[in-house]
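**Q**
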Amino acid sequence: MFEHLVAFKFNENYTPALGDQLIATLMTFKGLIPGIHELTAGVNVTQETDNVRGYTLGLRVTFCDQEALSQYGPHPAHQQFVKSLDGILDNVVVIDYPII
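Shown next, in the form of structure tokens:
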């Protein structure tokens, strides 16, 4: 299995309502994109403000294998989500690793 972690940092155009909409969209991926074993997403509520640095939303996707992870990026549902971030995304951090 492979883990895919994403932290999203948004600009001033972000609103909590938009965050709810983005999370709802992300949660549909498990039924749309093959190879997803588990998926969670949510708003960052950490009390550790020194570590947050403006990253508002988190995503964790567990894929069945590396092939499923490699097919995730170009999948139309993922690409549509990426396009929906135009004008609101300031930065994103992505970490992928095999689960040992």
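If you count by the numbering used here, then the sequence shown holds residues 32 to 131, one letter each, in order. For each residue, glycine too, the CB sits at the ideal point set by N, CA and C.
Using a threshold of 9 Å, state whether the C-beta atoms of G73 and L88 are closer than that.
**A** For this step, residue 73 is matched to residue 42 along the sequence shown. For this step, residue 88 is matched to residue 57 along the sequence shown. For G73 and L88, yes; Cβs fall inside 9 Å.
**Q** Can you look up Y30 in the DSSP assignment and give me helix, strand or coil?
**A** Past the edges of the chain, shown from 32 to 131, lies residue 30, and the structure says nothing about it.
**Q** Output needed for Y128: all residues of its chain with C-beta closer than 6 Å, excluding positions within five of it in sequence on either side, in chain order.
**A** Locating residue 128 in the sequence shown gives position 97, counting from the first residue. Same-chain partners within the cutoff: E34.
**Q** For I99, count neighbouring Cβ atoms within 10 angstroms of its own Cβ and tell me buried if that reaches 16, exposed if not.
**A** As a working note, residue 99 is residue 68 in the sequence shown. The residue you asked about is not Ile; residue 99 is Ala in the sequence shown. Buried.
**Q** Provide the residue(s) that pair with I67 in DSSP beta bridges, ordered along the chain.
**A** Translated into the one-based positions of the sequence shown, residue 67 becomes position 36. According to DSSP, which records beta bridges pairwise, I67 is partnered with F94.
**Q** Which value, in whole angstroms, describes the spacing of the CA atoms of H109 and D51?
**A** Taking the sequence shown and counting its residues from 1, the one referred to as residue 109 is at position 78. Taking the sequence shown and counting its residues from 1, the one referred to as residue 51 is at position 20. Answer to the nearest angstrom: the Cα atoms are 17 Å apart.
**Q** Going by DSSP, name the residue or residues bridged to F39.
**A** By 1-based counting over the sequence shown, the position of residue 39 is 8. Answer is L88, V123, bridged to F39.
**Q** Which term fits I67, buried or exposed, when burial requires 16 or more other beta carbons within 10 angstroms of its beta carbon?
**A** In the sequence shown, the residue the question calls residue 67 occupies position 36. When all chains shown are included, I67 counts as buried.
**Q** For F5, which residues from the same chain have a beta carbon less than 7 Å from its beta carbon, with the 5 sequence-adjacent residues on both sides left out?
**A** Summary: the structure shown does not reach residue 5, with the chain confined to residues 32 through 131, and so no result is reported for it.
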